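Worksheet for the structure shown next.
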Amino acid sequence: MIVKPKGTYDLYGSEAKKWQYVNGVIDDLMSKYNYDYIRTPIFEASEVFHRGVGETTDIVTKETYDFVDRGNRNMTLRPEGTAGIVRSYIENKMYGDPTQPVKLYYNGTMYRYERPQSGRDRELTQFGVEVLGCDDALIDAEVISIPVNLLKTLGLKEVKVNINTLGDRESRDNYRQALLKYFKPHLKDLCPDCQERFNKNPLRILDCKVDKDSEILKNAPVTLDYLNEESKKRFDDVKKYLTLLEVEYEVDTKLVRGLDYYNHTVFEIEAQVAGFGSNNVLAGGGRYNGLVDLLGGPPTPGISFGMGLGRLMMALDLEKIELPISDSLDAYIMYVSQNEKEYAVTLTQYLRMNGYKVDMEYMNRSLKGQFKQADRYNSKHLIILNEEELQNDVIKIKDNKTKEETLVGIDYILYYFEEKTSSEEFTDEELARYLENDENSENMED
RNA sequence: GCGGUAUUGGUGAAGUGGUUAACACGCCGGAUUGUGGCUCCGGUAUGCAUGGGUUCGAUCCCCAUAUCCCGCCCCA
């Protein structure tokens, strides 16, 4: 048997319906924020990611899907969204667009050559946002607010926002020096991984899992103490705007991001979900004022977040959040014998073209089997064709909820359905959901 | 890249070194309900991940590979 590549999965069935729903919510939300959808290639010249992320990092050396195409070009499957979009921004000279800043969102698959484990596949889907051409702290806050609002819209209650700032380049460099100076005498007391990090990426020592409770880490220098006035002011502004946007947050001075191009605001958004373990970080991002420059464009400020939708779906599952997926047919058309099958085809087509969601029996099952099938599809109406009635120009429609049967003249089928659907009754489930979301009903427990 | 666990039919799963590998669900058909959702009966053909090995014989023992899940590294 041919099986799917390691670290990938097939999306189908009810799971696919959930994704479609979530994608719809995302599109809807981004429309309200007035962000434009952008789709860039799934593969890019390798240098887009290599230069953007850093040639020597683990990410590039062992976690990208690299290949040489038939024209001997080095290509890389995109491991993240930002670099490709920045390349597109530069190539399409979006910095000259009349509407500024440029506010973009994407939603697509990314590829990382990693050892798969929970919440971590080789092909993953990410939704994210990039705002280019604006350095105002307000944008930082808005970008943070988007994933928060998405999670809340979908029904996740416990959403935690951690923010920190690395300051501008000067502040960041000062801080890095301070860390090196501080950790040097303690080096032998740190875990082996941290000793490695000391050389490669000292900021990362701060969120080491092994040493996190040690005195050495607790007393380590804090970013905030190394900010210059301007950076400090900027961070205060971000916090002010977050409050205005009603986003609750915590400052986590140990929150750092690995890559060199990050500066100023960095953040992570986690869902407090029981049983989620260390994978509870659903979204993360930060400001990258140096990246456009680095990839050959004009110096341009930028900020982004990325969110793994796979983890998001896991969180929704663990929290047992039922998405309002409408999963029913308006009608299922069945036939008592083969003699009515052709008419069933015609009728199915007719109703579909008139806007109804309709399916029919394909398998020539027994009537009993057809009823079962109709129930599996959760069909609101059953149309049961039999020869005798057809000859009299009537068809039988059964309301599958009330079990009421009606004989309808062939020319009046649409009237029947119009009447049925126009009064727009709530189903019990819809009603329950409506009450849940109604603020007035907050105090009506039970 | 390193380490650990697992791998039985459409699904959930029992099981043993030796002729026909339980059971349940699902599905299909039939009986009975005026046309189903209950009950009863019957059926359910590339089944023990793949490749080697040990053995008279392996789904069950050993090795390798693949995949899955769980840690580590890393996390854009």
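Sequential numbering from 55 applies to the first sequence in the numbering used here.
C-beta: ideal position from N, C-alpha, C; glycine also.
Note that the structure is a prediction, hence the values are computed from the model and not measured.
At which residues does the alpha helix (DSSP H) containing residue i begin and terminate?
i: Met407; result: Lys395 to Met407
i: Ile198; result: Ala191 to Leu208
i: Leu567; result: Only positions 55 to 500 of the chain appear in the structure, and residue 567 is not among them; the question remains open.
i: Asp358; result: According to the sequence provided, residue 358 is Ser. The question's Asp does not apply to it. No alpha helix (DSSP H) contains Ser358, which is instead part of the beta strand (DSSP E) from Gly356 to Gly362.
i: Ala428; result: Leu421 to Arg430
i: Arg169; result: Arg169 -> no alpha helix (DSSP H), and no H or E assigned at all.
i: His104; result: Ser100 to Val107
i: Asn253; result: Pro246 to Lys254
Leaving out five residues before and five after residue i in sequence, what residues of the same chain have Cβ atoms less than 6 Å from its Cβ?
i: Asp291; result: Ala191
i: Val140; result: Leu345, Val346 and Leu349
i: Thr163; result: Glu177 and Thr179
i: Leu244; result: Asp265
i: Leu257; result: Val310
i: Ser142; result: Thr94
DSSP three-state label for residue i, please.
i: Val122; result: strand
i: Asn228; result: helix
i: Val18; result: As shown, the chain starts at 55 and ends at 500. That puts residue 18 outside it, with no answer to give.
i: Lys457; result: coil
i: Gln445; result: helix
i: Thr153; result: coil
i: Thr94; result: coil
i: Val305; result: strand
i: Ile451; result: strand
i: Glu417; result: A quick correction: the sequence has Met, not Glu, at residue 417. Three-state DSSP puts Met417 in coil, outside helix and strand.
i: Glu145; result: helix
i: Tyr316; result: coil
i: Lys72; result: helix
i: Leu349; result: coil
i: Gly463; result: strand
i: Met129; result: strand
i: Asn494; result: For Asn494, the predicted model reports a pLDDT of 43, less than 50, meaning its position is unreliable and no value from the coordinates is stated.
i: Arg311; result: coil
i: Tyr386; result: strand
i: Glu117; result: coil
i: Ala325; result: strand
i: Val79; result: helix
How far does the beta strand (DSSP E) with residue i in it extend, from its first residue to its last?
i: Val156; result: Val156 to Tyr165
i: Tyr295; result: Taken as a continuous stretch (DSSP letters only), Tyr295 belongs to no beta strand (DSSP E), being part of the alpha helix (DSSP H) at Glu283 to Leu298.
i: Gln392; result: From DSSP, Gln392 is part of no beta strand (DSSP E); its letter is neither H nor E.
i: Val183; result: Glu177 to Leu186
i: Arg341; result: Val335 to Arg341
i: Lys266; result: Element bounds for Lys266: n/a, residue is neither H nor E.
i: Lys214; result: Val213 to Thr219
i: His435; result: His435 to Leu439
If you drop the 5 nearest sequence neighbours on each side, which residues of the same chain put their C-beta closer than 8 Å to that of residue i?
i: Asn454; result: Ala428, Asp429, Ser433, Lys434, His435 and Leu436
i: Val399; result: Met414
CB-CB under 7 Å to residue i, same chain, minus the five flanking residues each way: which ones, in chain order?
i: Tyr410; result: Asp384, Ala385 and Phe471
i: Val412; result: Leu383, Asp384, Ala385, Ile387, Thr402, Leu405 and Arg406
- Message: Assess contact between the stretch 201-215 and the stretch 301-308, defined as three or more Cβ pairs (one per stretch) separated by less than 8 Å. Is contact present?
- Response: yes
- Task: Decide yes or no for the touch test of the stretch 123-131 against the stretch 144-153: beta carbon pairs closer than 8 Å, at least 3 of them.
- Result: no
- Message: Measuring CB atoms only, is the stretch 272-282 touching the stretch 229-248, in the sense that at least three cross pairs come out at less than 8 Å?
- Response: yes
- Determine contact between the stretch 82-91 and the stretch 210-217, defined as no fewer than three beta-carbon pairs at a distance below 8 Å. no
- Say whether the stretch 393-412 touches the stretch 464-474, bearing in mind that this needs 3 or more beta-carbon pairs closer than 8 Å, one atom from each stretch. yes
- Item | Cβ pair count under 8 Å reaching 3, the stretch 312-321 against the stretch 334-341 | yes
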